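Visitor: Right, I'll just put the structure down here and ask away after.
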Amino acid sequence: MPLTAVHAQTADPRATRRRGPRPCGPLSTAEADVLRIVADARTPVFVTVREGGRRRYSYWRPLDSATGRGGCYAALPTAECDGLYAAGRIALGEPLTDPARTTHRVTAVRAGATAPAPARAARVRARAA
């Protein structure tokens, strides 16, 4: 499955007789776990896309001093991550490319979030007020 951008519904709600974008369905347990990890700002998650198109979602699992576990990279289930990406619940950052692979930062998309206004427009509005 190629990685493509997912855009929110842009049709006029009056034309479609809906009150806004269609809500996403419920998450499976595995998808909820993945989304919890991606949404944690202290845990950077990355997707690595190899030349053949193979993707691997992973993050650094810190060492837990109580259990002695961690201190290693952990892979996330690709099928669940791809499903969250297709549903628009996670987004990919700017690519970092080298000859063998491309790496993107993975971030969670907040429900109902809109794109921030450009800084210049915000300054003009501040002066007008």
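Under the numbering used here, think of the first position of the sequence shown as 19, with each following residue one higher.
Yeah, the Cβ is synthetic: ideal placement off N, Cα and C, and Gly gets one too.
Quick caveat: nothing in here was measured; it's all calculated off a predicted structure.
(1) For the beta strand (DSSP E) containing residue 124, name the first residue and the last one.
(2) Kindly confirm or deny that the stretch 85 to 93 and the stretch 116 to 126 touch, where touching means at least three C-beta pairs closer than 8 Å.
(3) Go ahead and label residue 102 buried or exposed: buried means 16 or more other beta carbons lie within 10 angstroms of its beta carbon, across all protein chains shown.
(4) Report the option in 49, 75, 59, 128 whose CA atom is closest to the CA atom of residue 122.
(5) For residue 61, which of helix, strand or coil comes out of DSSP?
(6) Quick check: the Cα distance between residue 95 and residue 48, rounded to an integer number of angstroms?
(7) What does DSSP give as the partner residue(s) for residue 93 in the beta ladder?
(8) Counting only the same chain and skipping the five closest in sequence on each side, list residues whose C-beta sits under 7 Å from that of residue 124.
(9) Give the DSSP bridge partners of residue 105, in chain order.
(10) Which one of 54, 120, 128 has the shortest CA to CA distance from residue 70?
(11) Quick check on residue 68: does DSSP put it in helix, strand or coil?
Guide: Taking the structure as given:
(1) Position 106 of the sequence shown, counting from 1, holds the residue named residue 124. Its beta strand (DSSP E) spans residues 119 to 126.
(2) no
(3) Reading the sequence shown from its first residue, position 84 is the one you call residue 102. Classification for residue 102: buried.
(4) Along the sequence shown, one-based indexing puts residue 122 at 104. Nearest option by C-alpha distance: 75.
(5) Numbered from its first residue, the sequence shown carries residue 61 at position 43. Three-state DSSP puts residue 61 in coil, outside helix and strand.
(6) The count along the sequence shown starts at 1 and reaches residue 95 at position 77. The count along the sequence shown starts at 1 and reaches residue 48 at position 30. Cα to Cα, the separation comes out at about 8 Å.
(7) The count along the sequence shown starts at 1 and reaches residue 93 at position 75. BP columns for residue 93 point to 76.
(8) In the sequence shown, residue 124 corresponds to position 106, counting from 1. Only 56, 63, 64, 65, 75, 108, 110 meet the Cβ criterion.
(9) Sequence index remark: in the sequence shown, residue 105 carries index 87 (1-based). Looking at the DSSP assignment, residue 105 forms no beta bridge with any residue, so it has no partner.
(10) By 1-based counting over the sequence shown, the position of residue 70 is 52. Of the listed residues, the one whose Cα sits closest to residue 70 is 120.
(11) Within the sequence shown, the letter at position 50 stands for residue 68. Residue state, collapsed to three classes: strand.
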